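> Which chain is which? The protein sequence lines are W and D, in order.
For reference, each letter of the first sequence is one residue, going -15 to 156 in my numbering.
For reference, each letter of the second sequence is one residue, going -15 to 156 in my numbering.
Pasting a structure below so you can have a look.
Number of protein chains: 2
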Amino acid sequence: MDISAVNSLSCEDFVDIFGNIVEKCPLVAAALWSQRPFSTLEHMEVAAAEFIDSLPVPGKEGILRCHPDLASRGLHSGNLTPESTEEQREAGLASLELGEAERLRLLNLQYKRRFGFPFVICARLNDKATIERRLAERMANERARELQVAVDEVKKICGLRLQKLVATASRL
Amino acid sequence: MDISAVNSLSCEDFVDIFGNIVEKCPLVAAALWSQRPFSTLEHMEVAAAEFIDSLPVPGKEGILRCHPDLASRGLHSGNLTPESTEEQREAGLASLELGEAERLRLLNLQYKRRFGFPFVICARLNDKATIERRLAERMANERARELQVAVDEVKKICGLRLQKLVATASRL
C-alpha cells in the first residue's frame, strides 16, 4: 500500500474509492479529503474517526440511520451496498435459521423503537451469536451511552473498510 | 401539504423521500429526522439549515464535494441525480453553446483548484448568465467567506427541494 498514492488522488477519485467507508455517507470521505496529506493508513483511520466524533448528536444519529437493519430482507434481495452484504454474509447473517432470523428481526425492531436508529455493530469482528447477544445487551443501555457505543462500531467498520480499500484498490 | 404526515413518517420512509434534499448526502435527511415534530414546512427548512450550519468545516466542505460540477458531461450522460439534472436543465445549463460550455468548464476548474471544492449555486434561482457571472465573482472571495457563501447556496437548494417534495410526494 502506498499512502502517497492516496494523498495524490483528486477529490472526485478519493470520494469514488472511499465514498462508502461509512455506509451511504460519502460526506465522510469527502470531508476526510480535507485532512490530507496522511502520513500512514493509521493516520487516515484516526482522521476519519475524529471527523465522526466531531459531528453534532443529530449527525451521529443520521450516520446510524443510513445503515440497514442487520439480517434484513435486503440482504437477500441485493438492495444493500456490496460492503454491507459481504460483511453480513461473512458473519453468517445471510444463512440464519428461521427462528434466529425472527429473533433478530424482533430485537432490531425493539432497538429501533427504543433509540430511534438501527442497531449497528461491526459484523467483521463478530458472528451471529455475539451479534444477537450484544443486541440484547445494548438494548439496556442509557440513550447517550448507546449512541457512543454505536458510533464506536461505525468507526471500527470504517477502519476495516479503509484498510481493505487501501490494500486492494486497483487505482492505488 | 400536510406536515403531520411528514411528522408521522418512519425513519426509513423519511430518508427515502428526503434523502437527496442535500445532494448525495442522505445523512442530512437522516439527521433532520431527529428534529421532528415540525410545526410547519418552514420549520423543517430552518431545522435543515441549522443542521448544515452546525457541521464542522470539513463537514461543510464535504457536503460541497458531494455536488457535481455545474454543466459537466454528467448532465448529458445521465450520471447526475434527477434533482440536479432538472435544476441544471431549467437554468439552461444543458443547452450551452460550445464557447459557453468551455468557459464554464475552465472557470469550474480554476474555482476547484483555488478552494478544494466544486462551485455550488442554487440553479433554480439563477440562469446561465448569472451563474457564469457569480462563478467569476466568487473566485475572488477569501476562502472562509466563500465557504459560507457556498453553504448558503446549499441551504437554498435544500429548501426548494424540500418544498417541492412536500408539495408533490405521493406518500404524503
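Think of the CB as a built atom: it goes at the ideal place given N, C-alpha and C, for glycine as much as any other residue.
In this text, all values refer to a predicted model and were calculated from it rather than measured experimentally.
When the Cα of D/His27 is compared with those of D/Thr152, D/Ala153, D/Gln147, which residue comes out closest?
Nearest C-alpha to D/His27: D/Gln147.
> Taking the beta carbon of W/Lys59 as the centre, do at least 16 other beta carbons fall within 10 Å, making it buried, or is it exposed?
It is Leu, not Lys, that sits at residue 59 of chain W in the sequence shown. Label assigned to W/Leu59: buried.
> Could you tell me whether the Cβ atoms of W/Thr24 and W/Ile(-13) are closer together than 8 Å?
yes
> Drop a sphere of 10 angstroms on the beta-carbon of D/Val135, count the other beta-carbons inside from all chains shown, and report buried for 16 or more, exposed for fewer.
buried
> Check D/His51 in the structure and name its three-state DSSP category.
coil
> May I ask you to list, following chain order, the residues of the segment 9 to 22 of chain D that have a beta carbon less than 9 Å from some beta carbon of chain W?
Cys9, Pro10, Leu11, Val12, Ala13, Ala14, Ala15, Leu16, Trp17, Ser18, Gln19
> What did DSSP end up calling D/Phe103 once you bin it into helix, strand or coil?
In the structure shown, D/Phe103 falls within a coil segment according to DSSP collapsed to helix, strand and coil.
> Does DSSP classify W/Asn92 as helix, strand or coil?
helix
> Look at D/Leu176 and D/Leu91 and say whether their C-beta atoms are less than 8 Å apart.
This structure does not reach residue 176 of chain D, given that chain D is present from -15 up to 156, and the question cannot be answered.
> Helix, strand or coil, according to DSSP, for W/Leu119 in the structure here?
helix
> What first and last residue would you give for the alpha helix (DSSP H) that runs through D/Pro66?
66 to 74
> Between W/Ala120, W/Gly100, W/Asn110, which has its C-alpha nearest D/Phe(-2)'s C-alpha?
The shortest C-alpha separation from D/Phe(-2) is found at W/Gly100.
> Please name the residues in the segment 40 to 71 of chain D whose beta-carbon is closer than 7 Å to at least one beta-carbon of chain W, in chain order.
Pro40, Pro42, Gly43, Glu45, Gly46, Ile47, Arg49, Cys50
> Can you tell me which of the three DSSP states D/Leu39 falls into?
coil
> Look at the Cβ atom of W/Ala85, then the Cβ atom of D/Gly46, and state whether they are nearer than 8 Å.
no
> Between D/Cys(-5) and chain W, is any beta-carbon pair separated by less than 8 Å?
yes
> Give a yes or no on whether the minimum CB-CB distance between D/Val138 and chain W is below 8 Å.
no
> Relative to the C-alpha of W/Ala159, which candidate in W/Gln94, W/Cys106, W/Phe22, W/Ala128 has its C-alpha closest?
Since the first and last residues shown for chain W are -15 and 156, residue 159 of chain W lies out of range.
> Of all the options W/Pro40, W/Lys44, W/Ile5, W/Met123, which has the alpha carbon lying nearest to the alpha carbon of W/Glu29?
Comparing Cα-Cα distances from W/Glu29 to each of W/Pro40, W/Lys44, W/Ile5, W/Met123, the minimum goes to W/Ile5.
> Give a yes or no on whether the C-beta atoms belonging to D/Ala55 and D/Leu77 are separated by under 8 Å.
Taking 8 Å as the Cβ cut-off, D/Ala55 and D/Leu77 qualify as a contacting pair.
> State yes or no: is the C-beta of W/Phe22 within less than 8 Å of the C-beta of W/Asn(-9)?
yes
> For W/Ala134, does the three-state DSSP call read helix, strand or coil?
helix
> Rounding to the nearest angstrom, what Cα-Cα distance links W/Val41 and D/Leu82 in this structure?
Roughly 47 Å separates the two Cα atoms.
> Taking the alpha helix (DSSP H) that W/Phe2 belongs to, which residues open and close that run?
-5 to 2
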